[in-house]
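Residue numbers (my numbering): 3 to 653. Where is the CB? At the ideal position from N, CA and C, for every residue including glycine. Report on the structure given below.
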Amino acid sequence: RKEIERDGIIKDYVKIEYQGGDNCFVPVSKLNRIQKYGGAEIKKPKLNKLGGVEWSKTKKRVKTEVEEMAKELVTLYASRLNGKGVVYGEDTLWQREFEEMFEYEETYDQLKAIEDAKRDLETGKIMDRLVCGDVGYGKTEIALRTAFKVIQEGYQVLYLVPTTILARQHYNTFVQRMKDFPVKIALLSRFNTKKEQTKTIDDLNKGLVDIVIGTHRLLSKDVVPKKLGLVIVDEEQRFGVKHKEKLKQLCENVNVLTLTATPIPRTLHMSLSGIRDLSVLEEPPVDRKPIQTYVMEYHDETVKEAIRREVARGGQVYYLYNRVNNIEEVAAHVRALLPDIDVEYVHGRMNERELEAKMVDFINGDVDVLVTTTIVETGLDVPNANTIIVHDADRLGLSQLYQLRGRVGRSKRSAYAFLMYTRNKLLSEEASKRLKAIREFTELGSGIKIAMRDLEIRGAGNVLGVTQHGHMEEVGYDLYVKLLNTAVTALKTGKPVEEEVEASVEIDDSAYIPSDYIDNEETKLEIYKKIALVKTEEDFSDMQDELIDRFGEMPRPVGNLLYVARIKALASSMFIIDVIVNKLQIKWTMRENKQMNMDNLDNFLKSFGKSLTVKYDKVLNWEYRDREKISTEDRMEFAVEMFERMKKELF
């Protein structure tokens with residue numbers, strides 16, 4: 003940020019550095035034109051030259067790709083909407099009984115997602131719904147109720163999960179929840195014997211089994227269900243390309259419910275509304291307590307105490323150590339510290355059968371402490387594990403820490419997360435920031451935005467595919483969403499979206515935030531960004547209230563800044579290119595447009611007498627000038643009133 007004074011008028015600018023060290027100074031009134039690239043943990047972006055064509059080329063290429071993808075999505079959505087799916091009946095008595103047996107209180111988001119899924123089935127369109135929500139936020143219950151509705155009409159359900167451990171977990175949940183109803187459920191994974199697998203597939207193909215839960219084994223050629231009604235896919239992004247292709251074939255003209263624990267950004271959710279059915283679970287379950295988070299140097303004593311306290315209350319512990327080569331030694335060290343406690347270790351390079359056996363022991367409560375790599379980052383649901391110790395937490399990214407911490411605190415008990423780093427180690431500034439941030443995000447859903455940024459970009463990639471994720475990295479997430487919005491709007495309306503006009507506003511007075519009003523640089527930039535986004539009268543007064551409430555009475559330059567933002571928003575909405583406001587006059591230039599009501603122009607001009615004139619010279623040049631010389635502040639206030647009237651009467 004740089005303050006520049008010219009002819010006694012002070013303005014603030016943001017300095018942008020380009021490849022080769024060239025700088026560009028952008029006035030803070032145009033801060034809305036600057037977007038933060040990408041997110042928290044994406045590789046450093048490549049810089050372009052100032053005035054070069056490389057950036058324009060990249061943007062153009064990504065724009066074309068986004069338009070193609072949006073077209074595909076719209077076509078797919080329309081074909082599913084107009085497809086002749088099965089029309090399912092309204093909820094039966096059994097359905098209501100089944101739902102009443104749910105032992106927890108549903109959240110509003112959960113109920114809405116269930117309602118939406120049922121409506122998809124009852125209208126006869128072919129469902130393709132994506133449910134996003136953190137582990138433990140109730141996605142499985144949505145799957146259970148949707149599956150139960152489908153099987154009552156005599157159709158079969160396939161539930162596809164990425165790992166054998168998850169398959170077993172979901173199988174146990176389904177069996178437990180449906181035990182009072184005549185529903186036949188089977189498990190299909192590589193850990194079933196050949197004979198068991200053959201029998202399950204045979205029963206499925208003959209229509210003798212209602213629900214089969216399994217891994218990618220369900221995508222084999224020999225799996226041809228007799229009457230398939232619904233496919234539930236858990237964490238689709240964790241399947242390989244070949245499996246995804248097979249999945250596409252399997253899901254053609256069949257109802258599909260996809261579940262993911264990776265959060266989807268609200269902005270993307272909005273862009274996709276109307277071309278992709280999304281249900282987002284943001285509300286934590288009732289009675290969920292915040293996770294107590296401690297950031298500290300590693301000490302054996304702390305580790306001992308934390309594990310003892312958890313085991314003493316009948317709980318279990320995750321001990322996260324993310325290096326495979328000596329994880330066995332770390333597990334041995336934990337055993338030596340606590341000889342009377344059961345300690346096991348797991349990592350991704352282990353033999354699958356051994357890995358599953360150990361994980362199942364932990365899920366069943368036969369192991370007290372599980373020393374593990376980040377393979378537990380997503381998916382596992384062990385409500386009895388309520389303490390996590392993260393070794394060398396400074397080596398992990400913010401979103402990873404957030405997701406790992408989410409492995410605990412999944413029941414009504416208080417949960418604890420110990421983020422530890424090596425003693426006497428000088429932490430890098432980046433690592434300190436990450437650990438500080440995660441410690442502050444103790445409240446449920448609070449401060450989640452920063453930690454989630456990288457995750458959301460990953461989530462956005464999951465919804466739109468690997469190629470689009472690459473494009474997001476090229477142009478940055480915010481610009482990507484803007485391009486997507488434009489493409490979707492054009493497809494929905496059938497006509498290209500007119501490029502927004504952005505007016506520039508010049509005044510003969512200082513418009514900036516003085517350092518004696520706000521001295522913190524980060525806060526100052528945050529406020530500049532907020533002011534640049536002021537659009538309506540309501541935004542204007544809300545911003546005024548916030549500034550007075552947080553920082554006291556506004557000095558004149560700050561008030562001027564607010565007026566400039568309001569004038570700019572009004573002017574831009576009427577195709578005005580530039581505005582000059584000073585003590586003597588208001589001048590503005592307007593682009594020719596078809597939206598202006600020319601019939602009312604004469605009356606509008608007459609209402610201002612000789613003070614307002616307009617001349618046409620390829621553009622409309624307006625000028626308001628009266629005999630009085632008034633303060634710039636009063637002149638700006640008058641400009642706002644005049645533009646509001648102009649918008650009402652001419653547009």
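For residue i, three-class secondary structure by DSSP
i    : result
D601 : helix
A571 : helix
A387 : strand
N174 : helix
L586 : coil
I578 : strand
F104 : coil
R425 : coil
S281 : strand
F542 : helix
Y565 : helix
Y20  : coil
A419 : strand
T634 : helix
M298 : strand
M180 : coil
L52  : coil
K537 : coil
E254 : coil
K620 : coil
Sub-9 Å separation of residue i and residue j beta-carbons
i    : j    : result
T109 : G140 : yes
Q318 : D370 : yes
Y320 : T389 : yes
R179 : F100 : yes
Y514 : I12  : yes
D212 : L162 : no
V345 : L372 : yes
L252 : L123 : no
L527 : Q546 : no
D660 : G138 : Coverage of the chain is limited to positions 3 through 653, which leaves residue 660 absent and any answer about it impossible.
I128 : G91  : no
T627 : L586 : As written in the sequence, residue 627 is Arg, which differs from the Thr given in the question. In this structure, L586 lies closer than 9 Å to R627 by Cβ.
E635 : N562 : yes
V133 : L357 : no
V68  : Y482 : yes
K51  : Q21  : yes
Q158 : G231 : yes
R667 : F606 : A question about residue 667 goes unanswered here, because the residues of the chain that appear run from 3 up to 653.
N386 : G399 : no
V152 : L189 : no
D396 : L429 : yes
Assigned exposure category for residue i - 16 Cβ within 10 Å defines buried
i    : result
H393 : buried
P286 : buried
Y106 : exposed
D130 : buried
P164 : buried
I6   : exposed
F645 : buried
N353 : exposed
K438 : exposed
F364 : buried
Q112 : buried
R98  : exposed
T260 : buried
V326 : exposed
A72  : buried
K620 : exposed
N426 : exposed
Whole runs of the alpha helix (DSSP H) within the stretch 128 to 166, excluding any shorter than 4 residues
With a minimum length of 4 residues, the continuous alpha helix (DSSP H) runs that stay inside the stretch 128 to 166 are 141 to 153.
Review point. Counting pairs of beta carbons, one from the stretch 537 to 548 and one from the stretch 472 to 492, are three or more of them closer than 8 Å?
Key: With a cut-off of 8 Å, the stretch 472 to 492 and the stretch 537 to 548 do not count as touching, because too few Cβ pairs lie within range.
For this session: Decide if the stretch 525 to 534 is in contact with the stretch 26 to 34; the criterion is three or more beta carbon pairs, one per stretch, under 8 Å apart.
Result: Touching, per the Cβ criterion.
Can you list the beta strand (DSSP E) stretches of 3 or more residues lying completely in the stretch 184 to 234, in chain order?
Taken in chain order, the unbroken stretches of beta strand (DSSP E) that lie wholly in the stretch 184 to 234 and span 3 residues or more are 187 to 190 and 213 to 216.
Notebook entry, point to check: Between the stretch 579 to 586 and the stretch 506 to 514, do three or more beta carbon pairs fall short of 8 Å?
Noted result: At 8 Å Cβ cutoff, the stretches touch.
Point to revise | the stretch 116 to 127 / the stretch 50 to 70 touching (three or more Cβ pairs under 8 Å) | key: They do not touch, by the three-pair rule.
Only counting runs of 4 or more residues, tell me where the alpha helix (DSSP H) segments fall wholly within the stretch 461 to 531, in order along the chain.
Uninterrupted alpha helix (DSSP H) stretches at least 4 residues long and entirely within the stretch 461 to 531 occur at 468 to 477 and 479 to 495, given in chain order.
Inset, instruction - Within the stretch 308 to 387, note down every full alpha helix (DSSP H) run reaching 4 residues or more, in order along the chain. - result: Look at the stretch 308 to 387 and you find these whole runs of alpha helix (DSSP H), each 4 residues long or longer: 329 to 339 and 354 to 365.
Counting beta carbon pairs with one atom in the stretch 546 to 556 and one in the stretch 590 to 607, are three or more of them shorter than 8 Å? With a cut-off of 8 Å, the stretch 546 to 556 and the stretch 590 to 607 do not count as touching, because too few Cβ pairs lie within range.
Check: At a cut of 8 Å, does the stretch 195 to 209 reach the stretch 220 to 228 through at least three beta carbon pairs?
Finding: In the pairwise beta carbon analysis, the stretch 195 to 209 is classified as touching the stretch 220 to 228: at least three pairs are separated by under 8 Å.
Inset, instruction - Indicate whether the contact test is met: 3 or more Cβ pairs, each with one atom in the stretch 287 to 296 and one in the stretch 404 to 417, closer than 8 Å. - result: Taking 8 Å as the limit for Cβ pairs, the verdict is that the stretch 404 to 417 does touch the stretch 287 to 296.
Task: Cβ contact (3+ pairs, closer than 8 Å) linking the stretch 330 to 344 and the stretch 302 to 317 - done: Yes, since at least three Cβ pairs between the stretch 330 to 344 and the stretch 302 to 317 fall closer than 8 Å, the two stretches touch.
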